[in-house]
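Following my numbering, the numbering of the sequence shown begins with 16 at its first residue and continues without gaps. A virtual CB, placed ideally from N, CA and C, is assigned to each residue, including glycine. Note that this is a predicted model, so its numbers are computed, not measured.
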Amino acid sequence: MTKALRNFSGRLLLVGCGNMAGAMLDRWLAAGLDAAQVSIVDPHAEPRGGIVPHPSIDAWLAAGGGADWIMLGMKPQQLGEAAEGLAPIVTGDVHLLSILAGVSLSDLAARFPDAKALVRILPNLPARIGAGVTAVAAQGDADAKAIETLLRPLGRTVTMADDSTMDLVTAFTGSGPAFVLRLIESYAAAGERLGLSTDDALALATATFGGATALLTDSGEKPGALIAQVASKGGTTQAGLDVLDSDGQIAALLTNVLRAARDRGRELADIARGDG
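Shown next, in the form of structure tokens:
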């Protein structure tokens, strides 16, 4: 990996450092971000990359804390508490980043009216290995070049015109890896039920899904075109596809999965605003 963040300027504070924020931080440090530029506030986090977390915002401030970039990575329902401690220092040249599901830019603006810029970023777990996709929407005087530099080590970045569809994006790409992994797990379980060993079934399922997505990315073709290259009329593949396509069940199932995740994001936003 190139040291893309070796010359990144500014102090970064992570408020909350769980699975997603921690994966992002690990990637940033591997990309050359100096650990001395980073502070963490999280009463439950272990030291990471040599960075010892502060138990609270007050403790961080008492230790002389300051930041040019602040990323909110705690639970959405903790936004109110965090905002009380952070709002007085989110002024001037501070960029406020948020990975909080369901919390809109307008929600952030109500809590942090004096921020230089508000940036809503929705990454996903493959960012841990630089294979993620991150949706970004910003308002205010955002430093687009610096934001792109910070997010590039995580994988692909997609800039959104606004955050009106971010609840769906949260479900689609943020939650998406878990849904895909469940499909792989279920595919392997089906192979096992039909006679494969547990280890062989998982290895073959993982390679099959990985190879299919790699082919789709590399070929530039649509999924349907590649399916046609595998399936022949009256063949084994078509027999299986006939089950998958029966009555549109798989499309309906996945629509319901995404709807449930999207709607839960909206519920969490209501809780964060104090409406729930």
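Asked                                                                                                                                                        : Found
Using only alpha-carbon positions, find the residue among MET39, PRO168, GLY145, VAL30 that is nearest to LEU101.                                            : VAL30
Buried or exposed: where does LEU94 fall if 16 or more other Cβ atoms within 10 Å of its Cβ makes it buried?                                                 : buried
Using CA atoms only, rank isn't needed, just tell me which of LEU256, LEU44, VAL258 is closest to ILE144.                                                    : LEU44
Using a Cβ-Cβ cutoff of less than 8 Å, which residues in the same chain neighbour ALA132 once the five nearest sequence positions on both sides are dropped? : HIS110, LEU111, ALA153, GLN154, GLY155, ASP156, ALA157, ASP158
Please state if the CB of LEU137 and the CB of GLY191 are separated by a distance shorter than 8 Å.                                                          : no
For ARG63 and ASP41, what's the separation of their Cα atoms in angstroms?                                                                                   : 8 Å
Which residues in the same chain have their Cβ closer than 8 Å to the Cβ of ALA78, if we skip the five residues on either side of it in sequence?            : HIS69
Provide the residue span of the beta strand (DSSP E) that contains ARG277, from first to last.                                                               : Element bounds for ARG277: not the beta strand (DSSP E) but the alpha helix (DSSP H), 264 to 288.
If we count Cβ pairs, one from each stretch, closer than 8 Å, do we get three or more for the stretch 241 to 259 versus the stretch 165 to 172?              : no
When we look at the beta-carbon of ARG274 and count the other beta-carbons within 10 Å, is it buried (16 or more) or exposed?                                : exposed
Whose CA, out of HIS59, THR221, GLN92, ALA150, lies closest to the CA of ALA203?                                                                             : THR221
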